[in-house]
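Chemist: In my numbering, the protein residues as written are 161 to 474.
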Amino acid sequence: MSVMRMGHASLKVMDMAAAVKHYENVLGMKTTMQDKHGNVYLKCWDEWDKYSLVLTPSDQAGLNHVAFKVEKDENLDTLQKRVEAAGIATQMLAEGEMPSTGRMLQFNLPSGHEVRLYAMKEYVGTEVGTSNPDPWPDNIKGAGAHWLDHALLMCEVNPETGVNKVAENTRFMMDVLDFFLTEQILVGPDGTMQVATWLARTTTPHDIAFVGGPRMGLHHIAFFLDSWNDILKSADVMAKTKTRIDVAPTRHGITRGETIYFFDPSGNRNETFAGLGYLAQRDRPVTTWDESHLGSGIFYHTGEMVPSFTEVYT
Ligand code: M3P
Ligand code: FE
């Protein structure tokens, strides 16, 4: 066991006050720390480490990096050798480079997205604690997201030039970081072009996903909710707070997740995602969606793709 789960996402935002208000009031996160560079750190009520989201001031939206937590500090040395052996340059960032966080192994995926792996982050505990806890705390705000669940990264895919960063990333995540593939979309004349993949290290259907597009970027970060009812309530919260909704509550065929997509004030897409979907086991057969079932894979109810959904991203 080395990579355990997604640890945090670091996002660029253009208006820090508006962004903090969004993540606090709509998602229900709490600010746990700010640093001298103006970065703000937040966590969800059911998370025990100091932060799962870092907001950094910028003149544009987008992703700085995604980070995964590994089980032991020594895993970082083993993984550094494996990543380098795969032909990818790495850097070991010293402890404290990010506050309350141990050393981090930094590198870029074949798609160009920056990834960081770390083993240590300051433990602060969940809002209900570990001693005879209640099922939820009294001070829940907004959607009351439990935890940061997954990220979906857009990767360059160009059938004309043969560039397929979805396939390259997927191979890397499986061969080097020991992720397993749960679902994929295969298209093209002979149905072999891998244009989207869902991969896991935990027992949920995905911890990271890659979808092909004209350029690399961030499609969304997703937060976990318990149930369909919580998804509908989160839509109410979005209406009340005038949050821009991208896709109204529906279900994914892929992963079986119940979902709603919306934007933070800078235009970074968020998702609230409910339900386990299924228990993802390492020996589970890979689910494949073909080109003619793409629509229902993504939006199961209508079975239709929404063009802006894959065209608009940061
Ligand atoms: C999810 C998910 C796209 C599909 C998205 C699916 C961008 O977000 O959580 O399964 O096509
Ligand atoms: Fe998602």
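All C-beta atoms, glycine included, are put in the ideal place defined by N, C-alpha and C.
1. CA-CA distance, A179 and P259?
2. For V283, which beta-bridge partners are listed by DSSP?
3. If you run the structure through DSSP and keep just helix, strand and coil, what is N428?
4. Tell me, please, which residues DSSP counts as bridged to I345.
5. Is the beta carbon of L378 closer than 8 Å to that of N428?
6. For L115, count neighbouring C-beta atoms within 10 Å of its own C-beta (all shown protein chains included) and say buried if the count is 16 or more, exposed if not.
7. Could you check if V446 is buried or exposed, using at least 16 other CB atoms within 10 Å of its CB as the buried criterion?
8. Measuring alpha carbon to alpha carbon, tell me which of G463, K241, V275, Q240 ends up nearest I368.
9. Kindly examine the ligand M3P and report whether one of its heavy atoms sits closer than 7 Å to the Cβ of T432.
10. What residue from L253, A246, K229 has the CA that sits closest to E282's CA?
11. Look at the alpha carbon of A382 and the alpha carbon of K241, and state the distance between them as a whole number of angstroms.
12. M264 to V243, Cα distance in whole Å?
13. Give me, in chain order, the residues of the same chain whose beta-carbon lies closer than 7 Å to that of S456; leave out the 5 immediate sequence neighbours on both sides.
14. Quick one: what's S170 bridged to in DSSP?
15. Near H461, which residues of its chain fall below 8 Å by C-beta distance, leaving aside the five closest residues on each side in sequence?
16. Mind pulling the beta strand (DSSP E) runs of 3 or more residues that sit fully within the segment 255-317?
17. From the DSSP output, read off the bridge partner residues of F384.
18. Could you tell me if N324 is buried or exposed, where buried requires 16 or more neighbouring beta carbons within 10 angstroms of its beta carbon?
19. Does the segment 295-306 come within contact of the segment 179-189, defined as at least 3 CB pairs closer than 8 Å?
20. Is DSSP giving T238 helix, strand or coil here?
21. Should H461 be counted as a contact of the ligand ADP given a C-beta to heavy atom distance under 7 Å?
22. Just to check my reading of the structure: F332 and P270 have Cβ atoms closer than 8 Å, yes? What is that Cβ distance to the nearest angstrom?
Modeler: By the coordinates alone:
1. Residue 179 sits at position 19 when you count from the first residue of the sequence shown. Residue 259 sits at position 99 when you count from the first residue of the sequence shown. For the pair A179 and P259, the Cα-to-Cα distance works out to about 20 Å.
2. Walking along the sequence shown from the start, residue 283 turns up at place 123. According to the sequence provided, residue 283 is Tyr. The question's Val does not apply to it. Y283 pairs with D209.
3. Taking the sequence shown and counting its residues from 1, the one referred to as residue 428 is at position 268. Note: N428 maps to coil in three-state DSSP.
4. Walking along the sequence shown from the start, residue 345 turns up at place 185. The partner list for I345 (beta bridge, DSSP) reads A356, W449.
5. As a working note, residue 428 is residue 268 in the sequence shown. As a working note, residue 378 is residue 218 in the sequence shown. Against a cut-off of 8 Å, the Cβ pair of L378 and N428 comes out as a contact.
6. Here the chain has residues from 161 to 474 only, and residue 115 is not among them.
7. Sequence index remark: in the sequence shown, residue 446 carries index 286 (1-based). By the neighbour-count definition (other C-beta atoms within 10 Å, threshold 16), V446 is an exposed residue.
8. Stepping through the sequence shown from its first residue, residue 368 is reached at position 208. Looking at the Cα atoms, V275 is the closest of the given residues.
9. Locating residue 432 in the sequence shown gives position 272, where the first residue counts as 1. No, the ligand M3P has no heavy atom inside 7 Å of this Cβ.
10. Residue mapping note: residue 282 aligns to position 122 of the sequence shown, counting from 1. The residue with the shortest Cα to Cα distance from E282 is K229.
11. As a working note, residue 382 is residue 222 in the sequence shown. As a working note, residue 241 is residue 81 in the sequence shown. Their backbone Cα atoms lie some 30 Å apart in a straight line.
12. Position 104 of the sequence shown, counting from 1, holds the residue named residue 264. Position 83 of the sequence shown, counting from 1, holds the residue named residue 243. Using only the alpha carbons, I get a separation of about 14 Å.
13. Taking the first residue of the sequence shown as position 1, residue 456 is located at position 296. Taken in chain order, the residues that qualify are G413, G463.
14. Position 10 of the sequence shown holds residue 170. Looking at the DSSP assignment, S170 forms a beta bridge with V214, H225.
15. As a first step, residue 461 must be located in the sequence shown, where it is residue number 301. Excluding sequence neighbours, H461 sits near T410, R411.
16. 264-268, 274-278
17. Residue 384 sits at position 224 when you count from the first residue of the sequence shown. W307, F433, per the DSSP bridge assignment.
18. Position 164 of the sequence shown, counting from 1, holds the residue named residue 324. The residue in question, N324, is buried, as its Cβ has 16 or more Cβ neighbours within 10 Å.
19. Enough Cβ pairs lie closer than 8 Å, so yes.
20. Here residue 238 refers to the residue found at position 78 of the sequence shown. Of the three classes helix, strand and coil, the one that applies to T238 here is helix, per DSSP.
21. Ligands displayed in this structure: the ligand M3P and the ligand FE; the ligand ADP is not among them.
22. The residue given as residue 332 occupies position 172 in the sequence shown. The residue given as residue 270 occupies position 110 in the sequence shown. Between P270 and F332 the Cβ distance is about 6 Å, and since that is below 8 Å, they are a contact.
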